[in-house]
Each structure stands twice: as C-alpha cells, then as structure tokens.
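Working notes for the structure below.
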Amino acid sequence: MNRKIILAGAQLGPVQRSDSRRHVVERLISLVEDAAEKGARWVVFPELSLTTFFPRYWLDDDAEIDRFFETEMPSPTTSALFKRARELEVGFYLGYAELVQEAGHKQRFNTAILVDPMGRQIGKYRKVHLPGHLDYLPTAPFQHLEKRYFDVGDLGFPVWNTVDAKIGMCICNDRRWPETFRVMGLQGVEIVMLGYNTPSYNIYHEEQPHLRMFHNRLSVQAAAYQNACWIIAVAKAGCEDAHALIGGSCIVAPTGEIAAQAMTEKDELIVFEADLELSSYIRNTVFDFARHRRPEHYGLIVERRGAGALLGKLES
Ligand code: CDV
Numbered sequence: 410m411n412r413k414i415i416l417a418g419a420q421l422g423p424v425q426r427s428d429s430r431r432h433v434v435e436r437l438i439s440l441v442e443d444a445a446e447k448g449a450r451w452v453v454f455p456e457l458s459l460t461t462f463f464p465r466y467w468l469d470d471d472a473e474i475d476r477f478f479e480t481e482m483p484s485p486t487t488s489a490l491f492k493r494a495r496e497l498e499v500g501f502y503l504g505y506a507e508l509v510q511e512a513g514h515k516q517r518f519n520t521a522i523l524v525d526p527m528g529r530q531i532g533k534y535r536k537v538h539l540p541g542h543l544d545y546l547p548t549a550p551f552q553h554l555e556k557r558y559f560d561v562g563d564l565g566f567p568v569w570n571t572v573d574a575k576i577g578m579c580i581c582n583d584r585r586w587p588e589t590f591r592v593m594g595l596q597g598v599e600i601v602m603l604g605y606n607t608p609s610y611n612i613y614h615e616e617q618p619h620l621r622m623f624h625n626r627l628s629v630q631a632a633a634y635q636n637a638c639w640i641i642a643v644a645k646a647g648c649e650d651a652h653a654l655i656g657g658s659c660i661v662a663p664t665g666e667i668a669a670q671a672m673t674e675k676d677e678l679i680v681f682e683a684d685l686e687l688s689s690y691i692r693n694t695v696f697d698f699a700r701h702r703r704p705e706h707y708g709l710i711v712e713r714r715g716a717g718a719l720l721g722k723l724e725s
C-alpha cells in the first residue's frame, strides 16, 4: 500500500536584527503559497523563524530580551500566516521564542508549534537540548546564549496522530542527540519536523566550516534510518548581521538518503512526494524494536547524564 504525501521545507535566508516581524511573515506566507502550488500538505519553517538568531547577542535589559519573544500564538502579526495556510489547507511547523507566565512565574522557551492543514493548533514542543552558555564569553567570536535566554523545555518529545501521519518535532541542537529521535521512534513516529539555526563557526574550537554541514547531515541521516522515519530539517541560513549560518535544509527518507535539499542560503522551498510506507520494511526487519531492542541493557541511558556522573549531580 502506498501512502504518498507531499512534504515541504521552507528554508529562510537571513533575518536581520532590523527586519520587522511583519516583513518576515510576508516571506513565510509567500513560501506557504509556493508550497500549496506544489501540492504540499505540510511545510516546515526554521527554529526562531520570526527574528534574527538573537542568542548571539549579549542582552542585559529584560525588556529588550522580551521583544524577541511572542506572548501568544497566533499573535496579531502572525495571524495572517495562520489564515493563509488554512485557506490553502497546508499544515505547518513554526519555530519561535515563547514567553509565558506559568507556575506563577515568567518563563521563556525556544518553541515550535504544529498546525494541521485544517488550521488547528495541535501540538507544541519546547526545546530540550539547549546549547551554549549562561555567561558572557569574552574570548568567543560571538555569543551563544541559549542557556541564558531559555528555560529547558518541559513537554518531552510527544508524537501527534495527525490526519496524515504520526508527526513529532524537535529543534536544532536536539538533532545531535540520538535520544531525541529514539523517544519519538518508540511512539511510532513517521515524520519528524525540525528547524535549525547553526552558525558556520564553532565558538569553542577552531573547526573547519565544512564539518558543521557534515555533522548536521550525519545526525539527521542516521536518525531517519535508525528510527525508520522521514525527517524534514530546515535552516535559517546565510549572513545575519555579519554572522554566517549554514543552510543545507533537506528532506531525509527512512533509508537515510537525502530525498531533497536546498541549493541556496536564501528563502527556498524544497519539496518531496514521500511514501510513508517506505519505512515498513525497515520497521519490520532490522529495526523491529519490539523484537530486537534490549532495554534491560540500556539502564545507564536514563540513570546517568554523563560518563561517571549520576543523574542530578551535574550542573547545567
Ligand atoms: N541553535 C542551535 O541549537 N544551534 C546549535 C549550535 C550551537 C551548534 C546546533 O546544534 O546547531
């Protein structure tokens, strides 16, 4: 049996600090229209789609930090995107910075939501693996302050049973951690949607820029194969305020092969007609989890955070 569905990734070129949300939303709408014209049912936008990648800046003033965040979704500015996508019956993943008052205090998350082709907001994911640091790094060429600006996500890695497929979400650095995908794989995920902002340079180590793309691809291709799922991995790319971000958005098949990839570092739509049944032979043979996994030997994965360190004994 074929279960074919057209999937799309809407890579964004750079968003400058001076760009308005309204202008970014116009770009998103134009990509949704392009996706609809190509028959896509779902389109994935990047992590923190609505603004520049602000964790590169040291910001002291709370009000200035809050300006990068959304307090409701849809917000007055993004509602035009929700409306257009619903008219065109295109579902989407949107990454943004989320500011909430929960459990009696202010919390900030690096968030993605899932809106189905009927316009219903059916899922929310908050980034679990926050990279970077808390304090100002005077020797770094730029900052990566996700640990300062965001709380660790508190929603786990759920999978949503949508009208078309079982869909899961994660965000950027999450893709480097096999646990992210295995938790979704154990729920039978069929499509994982993922947005990213990956600087071309490593602030901790002189690393050749080509390795950034290699590690990106290595992570998503291995994860797709090992969990027999499709992955739509989508970048915000290009030069944001003189800071380079890798592109390389791609749609990966459950075989681990790249089915479609971006050629530019600009706004660019990639599409692929995916057969969701392609994963069946992998799920039923080499990665038939129920037959072959040996959880009785995996205890350390949940007992320890790092080599020799008991859970809870480490600083974040
Ligand atoms: N936005 C990110 O999570 N970026 C990280 C960088 C810091 C390496 C990433 O994993 O791509």
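Throughout the sequence shown, residue numbering follows the numbering used here, covering 410 to 725 in sequence.
We treat Cβ as the ideally placed atom computed from N, Cα and C, and that holds for glycine.
For clarity, every value in this text was computed on a predicted model and none was experimentally measured.
Closest Cα partner of residue i within the set the options
i, options, result
"PRO423", "ASP544, MET482, LEU416, LEU459", "LEU459"
"GLN420", "VAL433, ASP428, SER427", "VAL433"
"LEU539", "ILE531, GLY418, THR520", "THR520"
"TRP639", "ALA506, LEU497, ARG430, VAL598", "VAL598"
"ALA642", "GLU507, LEU503, LEU620", "LEU503"
"ARG370", "LYS533, MET622, VAL452", "Beyond the ends of the chain as shown, which are 410 and 725, falls residue 370; an answer cannot be given."
"ASP583", "ASP544, GLN596, TRP569, THR607", "THR607"
"ILE612", "PHE551, HIS701, VAL680", "PHE551"
"ALA444", "TRP586, ILE679, ARG692", "ILE679"
"GLU653", "ASN625, PRO618, SER609, SER628", "According to the sequence displayed, residue 653 carries Ala and not Glu. Among ASN625, PRO618, SER609, SER628, the Cα nearest to that of ALA653 is on SER609."
"ARG529", "ASP428, TRP569, TYR545", "TRP569"
"PRO465", "LYS645, PHE491, GLU555", "Per the sequence presented here, residue 465 reads as Arg, with Pro not at that position. Of the listed residues, the one whose Cα sits closest to ARG465 is GLU555."
Rounded Cβ spacing between residue i and residue j (contact assumed at less than 8 Å)
i, j, result
"ILE414", "ALA637", "With a Cβ gap of about 16 Å, ILE414 and ALA637 do not count as contacting."
"PHE566", "VAL524", "Rounded, the Cβ-Cβ distance is 19 Å, inconsistent with contact."
"ALA668", "GLU677", "So it is not a contact: roughly 15 Å between Cβ atoms."
"ARG517", "PHE463", "That pair is no contact at about 11 Å."
"GLY448", "SER658", "Their Cβ separation, rounded to whole angstroms, is 19 Å, which puts GLY448 and SER658 out of contact at 8 Å."
Sheet register partners of residue i (DSSP bridge)
i, result
"TRP586", "For TRP586, which the question treats as bridged, DSSP gives no partner whatsoever."
"ARG621", "Answer is none; ARG621 lacks a bridge partner."
"ASP684", "LYS413"
"ALA521", "GLY504, TYR534"
"CYS579", "LEU603"
"ALA644", "TYR605"
"ILE660", "ILE641, ALA669"
Interface flag, residue i vs chain B, CB-CB below 7 Å
i, result
"ILE474", "Given the protein chain composition of this structure (a single chain), no chain B is represented."
> Are at least three pairs of beta-carbons, each pair with one atom in the segment 465-475 and one in the segment 434-441, less than 8 Å apart?
Replying inline: Because the criterion of three Cβ pairs below 8 Å is not met, the segment 465-475 and the segment 434-441 do not touch.
List in chain order: all unbroken beta strand (DSSP E) runs of 3+ residues lying wholly within the segment 425-479. For the segment 425-479, whole beta strand (DSSP E) runs of length 3 or above, ordered along the chain, are 451-453.
Counting beta carbon pairs with one atom in the segment 545-563 and one in the segment 510-518, are three or more of them shorter than 8 Å? At 8 Å Cβ cutoff, the stretches touch.
**Asked** Is the number of C-beta pairs between the segment 662-678 and the segment 626-642 that are closer than 8 Å three or more?
**Response** They touch, by the three-pair rule.
For this session: Determine contact between the segment 566-578 and the segment 516-530, defined as no fewer than three beta-carbon pairs at a distance below 8 Å.
Result: The segment 566-578, when compared against the segment 516-530, does touch it at the 8 Å Cβ threshold.
Can you list, in chain order, the stretches of the beta strand (DSSP E) that have 3 or more residues and sit fully within the segment 537-575? Taking 3 residues as the shortest admissible run, the segment 537-575 contains the following complete beta strand (DSSP E) segments, listed from N- to C-terminal end: 568-570.
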